[in-house]
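Here the structure is laid out as structure tokens; the discussion comes afterwards.
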Amino acid sequence: MYDLEDAIVMRRSTRLFLRDKPVPRDLVTQALELAIRAPSNSNVQPWQMVFASGAARDRLVEALLERADTVAPAVPVLPDSFAHLRRELGALVYGSMGIARHDTEARRLAVLRNWEFFRAPLAGIVCMHRDLGHVDALGVGMFLQTFLLALTARGVGSCVQVSIAGYPDVVRAQLDISDEHRILCGIAIGYPDPDFPANHLDVPRNPLNRNVRFVDD
């Protein structure tokens, strides 16, 4: 077990997992019990989670890969002023994997791992009721961050995946999620493959003064 500060510093987006090393259910439950302590507007507790493992996870992955082979995901496009950040992150990730910019086939295969949940044995789907708005999405975000840190503290890796929400109809059909819940993202959960270079990538963050201001007078 890590303390809170260690867990915050050590958390990474895991991009390849040990497929045959499942996470004990009690560890996931412990992390969830901590995550539900997160604050939420008017105690709405807007988070809704669905997990798939075993045969259910495999059927979901098969269906997602089949769709991804023919239809582009409905992932929100970043505004032009922010789009370069996605490109820069892609360069870091692919570079750590030794994939050249011009190697389109290697990049395609790497992208498809998104819908395999990066081979994680446990797939999570994060949802929120469709009648709730941005303020409640903050509550989901705080729940999700607490969950990720609690997993990290227990030596379990994770990766939040907006790509999974790109095929909401596939996810709904496979996991029987009703239309009253919006699918916000997926989470890949498992034990990181220690030999995969991208799992050790330390993505840089902005200096505080670029995103934070203190007003004293």
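Taking this note's numbering, I'd label the letters of the sequence shown as residues 1047 to 1263.
Quick reminder that beta carbons are idealized off the backbone N, C-alpha and C, glycines included.
Here the structure is a predicted model, which is why all the values come from computation and not from measurement.
- Assigned with DSSP and collapsed to three states, residue 1174 falls in strand.
- Annotation: residue 1212 is outside any beta strand (DSSP E) and is labelled neither H nor E by DSSP.
- Within the segment 1067-1111, the complete alpha helix (DSSP H) runs of at least 4 residues fall at 1071-1081.
- The shortest CA-to-CA distance from residue 1181 to any of 1074, 1087, 1052 is the one to 1087.
- Boundaries around residue 1230 are those of the beta strand (DSSP E), 1227-1236, since no alpha helix (DSSP H) includes it.
- Around the beta carbon of residue 1056, a 10 Å sphere encloses fewer than 16 other beta carbons of the protein chains shown; the residue is thus reported as exposed.
- Contact holds between the segment 1061-1072 and the segment 1164-1172, because three or more Cβ pairs, one in each stretch, are under 8 Å apart.
- With fewer than 16 neighbouring CB atoms inside 10 Å of its own CB, residue 1089 falls in the exposed class.
- Per DSSP, the unbroken alpha helix (DSSP H) holding residue 1056 starts and ends at 1050-1056.
- About 18 Å separates the beta carbon of residue 1121 from that of residue 1187, a gap too long to meet the 8 Å contact definition.
- For residue 1141, DSSP records no beta bridge to any residue.
- Bounds of the alpha helix (DSSP H) holding residue 1154 are 1150-1158.
- In this model, residue 1262 and residue 1255 are separated by some 15 Å (Cα to Cα).
- Residue state for residue 1203 is assigned as strand, using DSSP reduced to three classes.
- The secondary-structure analysis by DSSP pairs residue 1063 across a beta bridge with 1238.
- Its chain contains 1209, 1212, 1213 as the residues whose beta carbon lies nearer than 7 Å to that of residue 1119, once the 5 sequence neighbours on both sides are disregarded; these appear in chain order.
- Residue 1155 is not a Cβ neighbour of residue 1053, given a cutoff of 8 Å.
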